[in-house]
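In this text, residue positions in the sequence shown follow the working numbering: the first is 29, and each later residue adds one.
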Amino acid sequence: MTGTPGGRKTRAERLAAPLARNVVKEVAAEHGACLRPVQLRRTDIDTGHVEQVLIPCGHTLASVCPPCAERARLLRAAQCREGWHLDHEPVIEPDPANDQQRTRVADRSEAQADRDALAAEGLDTAELDERIGELDQQITDAGMRGNVLPARARRHRSTRRRQDTAPLPRRAVSSRTIGKTYTAPDGKTFRPSMFVTLTCPSYGRVREDGAPADPDTYDYRRAARDALHFAALFDRFIQNLRRLVGHDLQYFAAIEPQRRLAPHVHIAIRGTISRTELREVIAATYHQVWWPSTETVKYGGGLPVWDEHTSTYLDPDTGEVLPTWDQALNAISDQDEPRHVARFGQRFDAQGVLAGSRDASRCIGYLTKYLTKHLGNCHQAATDAQADHAGRLAEALRYEPCSPACANWLRYGIQPKNARPGLLPGRCKGKAHRREYLGYAGRRVLVSRKWSGKTLADHRADRKAWLTGMLGLPATDPGRYSWTPVKPGDPDHMPTGQRLLHVVADRIQWQTALELARRRAAMNDLSATGSTA
Ligand SMILES: [Zn+2]
Ligand SMILES: [Zn+2]
């Protein structure tokens with residue numbers, strides 16, 4: 029920098045100096061510290077000692093908090109790696125139920141018996157049904173999975189397979205989750221696994237940059253619907269694949285956009301399947317969407333109006349009540365065609381991958397590459413054609429119903445499920461309509477339950493245990509503290525800048541400690557007569 033120390037600087041010189049606050053952010057990011065730490069007050073229950081603790085925001089998008097997003101991505105990579113070539117069946121034993129959980133279930137049992145007794149007498153059960161609803165919520169709140177009773181029977185649809193689709197070979201599915209092992213002549217064993225990529229079908233020819241060669245004939249409607257139902261189609265594919273291979277096949281899958289902005293899915297699969305079998309399953313897999321027809325726009329101008337007394341939507345001119353979601357579904361018969369049939373494209377990619385190989389690392393890189401970005405931000409439009417393509421897709425998604433509760437159903441003269449006032453077609457709040465989602469609002473990573481046998485929280489705890497072990501820190505008893513959030517008005521609240529400075533100092537401190545611990549461990553290895561573990 030020019031200018032004498034303490035002397036006057038020109039305006040240009042002053043502006044050229046980096047802004048101290050931004051430098052703090054840069055330094056924080058360099059050290060992997062969260063840029064939006066959350067402040068909590070930690071009270072030691074035994075001693076009453078209060079401490080301020082800053083915890084990372086944990087956001088998974090790099091546009092919000094790059095260090096947290098990167099940490100989340102690495103955690104996913106670890107989860108992917110751990111499950112891919114597992115050579116033993118993962119053990120998933122639920123914890124035994126605690127007293128509170130048992131009490132809740134006992135309460136629920138009594139309510140059910142009382143309700144069924146009333147129903148048998150033909151009496152009104154509304155009050156007890158409400159009570160049962162509350163108890164079910166309490167059961168969930170008490171940390172139990174699932175419901176005590178199965179959900180109410182779903183609408184029956186013909187399960188006859190479509191005539192235009194190849195038949196699917198079926199086997200009984202065993203509970204085995206790990207792949208086969210092969211032994212080479214030299215006695216070495218291999219447990220090969222697979223990396224598979226499935227894509228959507230063609231909607232029209234696309235150019236190198238992903239934009240359609242002819243935007244006017246590109247099937248945007250089909251593209252929009254396939255994206256909306258992509259998760260359901262993937263689910264169906266896995267079910268079919270399990271039936272074909274005859275065991276409880278495990279997967280770690282990541283949903284990503286192609287350059288043409290259609291979703292595709294990369295799947296790490298434990299064990300192997302032949303290309304022929306994969307082709308068979310892809311050809312035989314489809315997902316039918318039995319939703320009411322949206323062929324005719326009933327209300328393009330004057331929209332249905334909400335009636336407060338009946339809590340329903342009415343025709344603006346005649347005052348007629350619009351059919352409810354359930355009525356509209358009941359009107360669909362088996363003779364009707366489903367509103368949409370989603371399928372994968374015939375082109376797919378499959379390769380065998382060996383545990384611990386360079387290929388395995390490369391594939392894990394693919395699987396986690398875009399996880400810190402919104403689907404719509406993975407390929408930024410650089411050409412006019414690309415921008416136009418993104419715009420047309422967004423427009424196609426605008427009036428497509430995204431779910432049974434979508435406001436767009438009003439446009440087609442149907443009350444959305446759980447209708448409420450203020451719904452405007454074309455203005456549905458569902459994420460799928462937003463540009464950055466490209467029609468796919470589901471989870472970006474889909475992991476089968478017995479992949480690594482661990483949840484993300486377990487993998488996070490593994491990391492923490494490794495770290496505290498490395499630093500020789502005592503394990504803290506989580507029951508020893510009570511936590512309260514610190515709000516902006518509180519006397520001990522730290523403003524953002526101050527919080528950032530603290531997390532940077534903390535990171536530097538423990539990074540130094542970790543480096544020291546590593547060096548000490550290396551020294552010990554050397555002095556221990558060269559024996560390696
Ligand atoms: Zn963060
Ligand atoms: Zn919607």
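Ideal Cβ placement from N, Cα and C applies to all residues, glycine included.
When secondary structure is reduced to three states using DSSP, tryptophan 334 falls in the strand class. Closest option to alanine 100, judged by alpha-carbon separation, among Thr227, Cys62, Val81: Cys62. Spanning the alpha carbons of aspartate 164 and arginine 132 requires a straight line of approximately 9 Å.
DSSP places valine 78 in the strand class (E or B) of the three-state scheme. Approximately 6 Å separates the beta-carbon atoms of leucine 156 and alanine 139; this is inside 8 Å, confirming the contact.
If you compare the alpha carbons of Pro506, Pro240, Leu395 with that of leucine 474, the shortest gap goes to Leu395. When only Cα atoms are considered, alanine 212 and methionine 498 end up about 38 Å apart. Using a Cβ distance threshold of 7 Å, valine 234 and arginine 288 count as a contacting pair. Distances from the CB of histidine 487 to the heavy atoms of ligand 1 are all 6 Å or more.
Beta-bridge analysis with DSSP links proline 506 to no other residue. Taken in chain order, the unbroken stretches of alpha helix (DSSP H) that lie wholly in the segment 149–236 and span 4 residues or more are 154–169. Counting of Cβ neighbours within 10 angstroms places tyrosine 231 among the buried residues, the total reaching 16 or more.
In the three-state reduction of the DSSP assignment, histidine 315 falls in the strand class, which pools E and B.
Relative to aspartate 505, the option among Asp74, Leu47, Lys37, Pro344 whose CA is nearest is Asp74. Remark: C-beta atoms of phenylalanine 376 and leucine 484 do not approach each other more closely than 7 Å. Here aspartate 335 has Leu342 as same chain residues with Cβ atoms under 6 Å from its own Cβ, once five neighbours each way along the sequence are excluded.
Contact check between the segment 87–102 and the segment 121–129: fewer than three CB pairs, one atom from each, fall below 8 Å, which does not count as touching.
Contact between proline 320 and isoleucine 442 holds: their C-beta atoms lie close to 5 Å from each other, under 8 Å. Looking only at Glu428, Asp553, Phe372, Ala239, the smallest Cα-Cα distance to glutamate 323 is reached by Glu428. Relative to glycine 238, the option among His417, Phe372, Arg198, Leu146 whose CA is nearest is His417. Here threonine 411 is exposed, its C-beta having fewer than 16 other C-beta atoms within 10 Å. Taking 8 Å as the upper bound for CB-CB distance, arginine 371 and proline 229 are in contact here, some 6 Å apart.
When the beta-carbon positions are compared, alanine 312 and isoleucine 295 stay at least 7 Å from each other. Taking 8 Å as the upper bound for CB-CB distance, leucine 261 and histidine 315 are in contact here, some 4 Å apart. 7 Å or more divides the Cβ of proline 285 from the Cβ of leucine 544.
Fewer than three pairs of CB atoms, one per stretch, sit closer than 8 Å, so the segment 241–258 makes no contact with the segment 301–312. In the same chain as isoleucine 360, and ignoring 5 residues on each side of it, the C-beta atoms closer than 7 Å to its own belong to Trp318, Pro320, in chain order. Around the Cβ of proline 197, a 10 Å sphere holds fewer than 16 other Cβ atoms; the residue is exposed. The Cβ-Cβ distance between glutamine 128 and alanine 97 does not fall below 7 Å. Ranking Leu269, Ala251, Pro46, Lys216 by CA distance to the CA of proline 291 puts Ala251 first. In the assembly as shown, histidine 113 is a buried residue. Its beta-carbon has 16 or more other beta-carbons within 10 Å. Counting the other CB atoms within 10 Å of its CB gives serine 221 a total of 16 or more, which places it among the buried residues.
Taking every protein chain shown into account, the CB of arginine 547 has fewer than 16 other CB atoms within 10 angstroms, so this residue is exposed. Where arginine 288 is concerned, there is no enclosing alpha helix (DSSP H), because DSSP gives it neither an H nor an E. When rounded, the separation of the alpha-carbon atoms in arginine 70 and lysine 515 is 14 Å.
Not one heavy atom of ligand 1 lies closer than 6 Å to the C-beta of histidine 407.
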